[in-house]
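Q: One structure coming up, written as structure tokens, with questions to follow.
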Amino acid sequence: MTNPSADHRPVVRAVPHPGELDAHGIPITCAYCRARRDWLLLNVRQQVFVRCRCAHEWHEPDLTRAYFDQHFTEAEHEWADYDTAMRALAFDGLLAGATWA
Ligand SMILES: [Zn+2]
């Protein structure tokens with residue numbers, strides 16, 4: 001049996017982004033709950049995803065791996081497993097609608 005977690009390089013890098021994010025001058029908006037801020041930016045291999053507090057998540061092609069590396073070199077969290085990362089970050093939908101002042 002090969003253990004997929006034997007590769008210790010992080011699969012997921014996550015950085016909270018409390019403010020608005022406008023990679024192209026237009027603030028990103030959650031298509032599901034209309035939130036405009038309080039994102040979790042996820043770098044999964046070569047792609048960058050945006051995840052909302054409502055647990056809506058999408059691939060954001062405007063945000064590239066290079067952009068992530070440029071702006072978020074100090075990733076706060078790294079995980080080898082995606083589900084563990086989501087639970088640890090409380091971005092699994094339990095806090096949907098919560099507002100963080
Ligand atoms: Zn949302």
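Each residue of the sequence shown is one higher than the one before, starting from 1 at the first, in full-length UniProt numbering. All C-beta atoms in this analysis are idealised placements derived from N, C-alpha and C, irrespective of residue type, glycine included. Owing to the predicted nature of the structure, the values given are computational and were not obtained by experimental measurement.
1. Return yes when the C-beta of TYR32 is under 7 Å from any heavy atom of ligand 1, and no when it is not.
2. If you measure between the beta carbons of ARG65 and GLN46, is that distance less than 8 Å?
3. Can the beta-carbon of ALA85 be found less than 8 Å from the beta-carbon of ALA23?
4. Going by other Cβ atoms of all chains shown within 10 Å of its Cβ, with 16 needed for buried, is ILE26 buried or exposed?
5. Where PRO61 and VAL48 are concerned, what is the direct C-alpha to C-alpha distance, given to the nearest angstrom?
A: Reading off the structure:
1. Position 32 of the sequence shown, counted from the start, is the residue given in the question as residue 32. Yes, Cβ of TYR32 sits closer than 7 Å to a heavy atom of ligand 1.
2. Position 65 of the sequence shown, counted from the start, is the residue given in the question as residue 65. Position 46 of the sequence shown, counted from the start, is the residue given in the question as residue 46. Going by C-beta atoms, ARG65 is nearer than 8 Å to GLN46.
3. Mapped onto the sequence shown, residue 85 falls at position 85. Mapped onto the sequence shown, residue 23 falls at position 23. It is not a contact, given that the beta carbons lie outside the stated cut-off.
4. Within the sequence shown, the letter at position 26 stands for residue 26. Classification for ILE26: exposed.
5. Start at 1 with the first residue of the sequence shown, and residue 61 comes out as number 61. Start at 1 with the first residue of the sequence shown, and residue 48 comes out as number 48. Spanning the two alpha carbons is a distance of roughly 7 Å.
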